[in-house]
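Going from the sequence shown to my numbering is simple: count from 1 and add 26. Report on the following structure.
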Amino acid sequence: MATLSGTSHTISGVVGLLFASYVALYLERYAPLIYSGTEALGHMLLAGLPGYPPILNELAGALVIMIVLWFVWGWLYHITRF
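And the structure:
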């Protein structure tokens, strides 16, 4: 079970990282209002961290998308496991 869980978490990390950048590009082109919302939310989340480094808007938006993807992946994984 630990092997399956570790594998699932690893795959979700890689897929989330790659897929989030594509989703961010898609939102930037076709849904700019949602894209600007993800950028603002990403900056707001990072501003709460001590030593908040300056980050590109694209990365801040992709960070929010990654968090959402990881949450959905984890939720689906644990729902299907039980």
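Just so you know, even glycine gets a beta-carbon here, dropped at the ideal spot from N, CA and C.
Coarse secondary structure for L82, derived from DSSP in three states: coil
Could you check what DSSP says for P76 in three-state terms: helix, strand or coil? coil
Is there contact here, the segment 72-81 with the segment 93-105, by at least three beta-carbon pairs under 8 Å? no
CB-CB under 8 Å to V41, same chain, minus the five flanking residues each way: which ones, in chain order? L95, W99
So what's F108 in DSSP terms, helix, strand or just coil? coil
Is the beta carbon of E54 closer than 8 Å to that of Y61? yes
For A66, which three-state DSSP category applies? helix
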